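Shown next, in structure tokens, is the structure this report addresses.
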Amino acid sequence: MPTLRIAILECDTPLDKVRNKYGTYGDIFTELLKHGSEELTAEGEEVKVECSSYDVVDKQEYPEHLEKVDAILMTGSKYNSFDNDPWIIKLVEFTRKILESQSRIRVLGICFGHQIVGRALGAKVARGEQGWEVSVTPLELTSLGKDIFGVDTLSIHQMHQDMVYSYPTGILPLAHTTRCENQGMYAKNRLITVQGHPEFNREMVTHILTARHDAGVFNDEIYKDGIKRVGDTHGGAVIAKAFLKFLLQK
1 MPTLRIAILE CDTPLDKVRN KYGTYGDIFT ELLKHGSEEL TAEGEEVKVE
51 CSSYDVVDKQ EYPEHLEKVD AILMTGSKYN SFDNDPWIIK LVEFTRKILE
101 SQSRIRVLGI CFGHQIVGRA LGAKVARGEQ GWEVSVTPLE LTSLGKDIFG
151 VDTLSIHQMH QDMVYSYPTG ILPLAHTTRC ENQGMYAKNR LITVQGHPEF
201 NREMVTHILT ARHDAGVFND EIYKDGIKRV GDTHGGAVIA KAFLKFLLQK
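So in full-length UniProt numbering, the last spot in the sequence shown is 250, and the numbers never skip.
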């Protein structure tokens, strides 16, 4: 059984209520990927995942031995991917180096991580013109997206107001929404990203919506609309399996 060694770059810390139950984002993604590997194995495509986590914000730590890593996964974050804080610049440069200097290690990007990949490859990353996109949202998949995810329809939790404004050279689109043109990027044997959050569930997003509403970040309209859709069916498990199949491709 092949083992995929995935380094999870934690770009944020979950809310206390989420962390107390589910752990760090490294823990949350490890659980998601292990669930995906179990489903793939049950379907006859055996695979095992071995995850390690790195705090790239406060500790600015990265894998020391890249020869022992098969993939890098960058998580979401409350921070702005287009800011120039030292840790963000370091992350962008690390990502650019991984993508430009070698072809073995593959890159997975989630929300903020998706945007960091876009920035590392020279795309414009900035505030979206249509504001926040939150909670479970249907995606319009491209033909490639349908093939990669193995479904014709797919919804995913969203929690962003920033976006990647273009597709870098050689990068293919996976999905769109009315609020965000770039919902996913793909390059065979190099990278796959999504703007949404396959790792989120109803409880996690309810906590985030409530905390941001209480803090005045979300107005009543955004909050109520998000809460209305927070329990809708979403394809987090579908995306996790697609990520692992991408990593298994020769």
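All C-beta atoms, glycine included, are put in the ideal place defined by N, C-alpha and C. In this text, all values refer to a predicted model and were calculated from it rather than measured experimentally.
Length of the line joining the Cα atoms of residue i and residue j
i    : j    : result
E203 : C180 : 24 angstroms
E199 : Y25  : 9 angstroms
E43  : V217 : 43 angstroms
R96  : W87  : 14 angstroms
R5   : L15  : 27 angstroms
R127 : S81  : 10 angstroms
L40  : Q249 : 14 angstroms
N20  : T13  : 11 angstroms
Q183 : T169 : 16 angstroms
K188 : Y223 : 38 angstroms
E64  : E133 : 36 angstroms
A215 : M159 : 16 angstroms
L91  : I227 : 33 angstroms
A7   : E129 : 33 angstroms
G122 : T177 : 22 angstroms
H114 : Y79  : 13 angstroms
I98  : D225 : 39 angstroms
M163 : L144 : 20 angstroms
I89  : A120 : 10 angstroms
Neighbourhood of residue i by C-beta distance below 7 angstroms, restricted to the same chain and skipping five residues each side
i           : result
G131        : Q161
residue 262 : Outside the displayed span of the chain (1 to 250) sits residue 262, for which this structure offers no information.
E100        : none
A211        : L15
L32         : P198, E199, G236, A240
E93         : none
Beta-carbon proximity list for residue i, same chain, < 6 angstroms, skipping 5 on both sides
i    : result
Y165 : K124
D152 : K146
F243 : L108
Y22  : I28
F246 : I192
G36  : A240, K241, L244
M185 : I171, T193
Assumed close pair residue i, residue j - CB separation to whole angstroms, cut-off 8 angstroms
i    : j    : result
H207 : V18  : 6 angstroms
I105 : V47  : Going by Cβ atoms, the distance from I105 to V47 rounds to 17 angstroms, so no, they are not a contact pair.
V194 : L209 : About 20 angstroms separates the two Cβ atoms, so there is no contact after all.
L66  : V117 : Incorrect: roughly 17 angstroms between the Cβ atoms, too far for contact.
V49  : K34  : 6 angstroms
Residues of its chain near residue i, where Cβ-Cβ distance is below 8 angstroms and the 5 sequence neighbours each way are ignored
i    : result
S155 : V136, T137, P138, L139, D232, T233, H234, G235
E10  : T24, Y25, G26, S53, Y54, D55, V56, V57, T75
L141 : F149, V151, D152, T153, L154, L174, A175
D220 : H213
P2   : E46, V47, K48, L248
E61  : Y54, D55
Inter-stretch contact at 8 angstroms, needing at least 3 Cβ pairs: the segment 104-120 / the segment 72-83 | yes
Would the segment 172-186 and the segment 43-58 be scored as touching if the rule is three or more Cβ pairs under 8 angstroms?
-> no
Could you give the uninterrupted runs of the beta strand (DSSP E) lying entirely in the segment 39-69, keeping only those of 3 residues or more?
-> 48-55
In chain order, each beta strand (DSSP E) run of at least 3 residues that lies wholly inside the segment 1-46 | 3-10
Unbroken stretches of the beta strand (DSSP E), 3 residues or longer, contained in the segment 97-132 = 106-110, 125-127
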